[in-house]
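*Asks:*
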Amino acid sequence: MVVAPTEEGVMKARILIESASLGPDDLKTAFQAFDGAWALIAAHYTSPNAIEAARMQLATLILSLAPDTKDANEMQAIAVQEMMKSDET
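Numbering (this note's numbering), first residue to last: 4 to 92.
1) R58 to A82, Cα distance in whole Å?
2) Compute the distance between the beta-carbons of L66 and E85, then report whether it is under 9 Å.
3) Would a C-beta distance cut-off of 9 Å place G26 and N76 closer than the cut-off?
4) For L61, I'd like the list of residues in its chain whose CB is within less than 8 Å of its CB, leaving aside the five on either flank, ordered along the chain.
5) Does K15 come out as helix, strand or coil in the three-state DSSP assignment?
6) Round the Cβ separation of K33 and I20 to the nearest angstrom and send it over; I've been treating them as touching at under 8 Å.
7) Between which two residues does the alpha helix (DSSP H) holding S67 run?
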């Protein structure tokens, strides 16, 4: 079934964020930014492997932004911009 790798990829990205050394508020912000950004860019990825890779890249990017901003909307906007930029190359 094609859906299984996607579900697995979903879990890996969320586990990556969950396992970061963030306090409860920062963790909530990171998940909000991740979920919001993914909702905006998900349609750009169609294969299970591309989806998993993109979600892991997005999770890593969100975590790299966490120390610099506590605003989920700002984090989301930067992440979407960076993900779209990386897709152009």
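Note that CB positions come from ideal geometry on N, CA and C, so glycine has one too.
Here the structure is a predicted model, which means the values were calculated and not measured.
*Replies:* On the basis of the data shown:
1) Residue numbering aside, residue 58 sits at position 55 when the sequence shown is read from its first letter. Residue numbering aside, residue 82 sits at position 79 when the sequence shown is read from its first letter. Taking the straight line joining both Cα atoms gives about 11 Å.
2) In the sequence shown, counting from the first residue as 1, residue 66 sits at position 63. In the sequence shown, counting from the first residue as 1, residue 85 sits at position 82. No, the Cβ-Cβ distance between L66 and E85 is not below 9 Å.
3) The residue given as residue 26 occupies position 23 in the sequence shown. The residue given as residue 76 occupies position 73 in the sequence shown. No, the Cβ-Cβ distance between G26 and N76 is not below 9 Å.
4) Looking up residue 61 in the sequence shown gives position 58. Excluding residues within five positions, the ones whose Cβ falls inside 8 Å are A16, F37, A40, W41, I44, A82, M86.
5) Start at 1 with the first residue of the sequence shown, and residue 15 comes out as number 12. It is helical.
6) The residue you call residue 33 lines up with position 30 of the sequence shown. The residue you call residue 20 lines up with position 17 of the sequence shown. Checking the sequence shown, residue 33 turns out to be Ala, not Lys. Their Cβ separation, rounded to whole angstroms, is 5 Å, which keeps A33 and I20 in contact under 8 Å.
7) If you number the sequence shown from 1, residue 67 lands on position 64. Where S67 is concerned, the enclosing alpha helix (DSSP H) stretches over 51 to 68.
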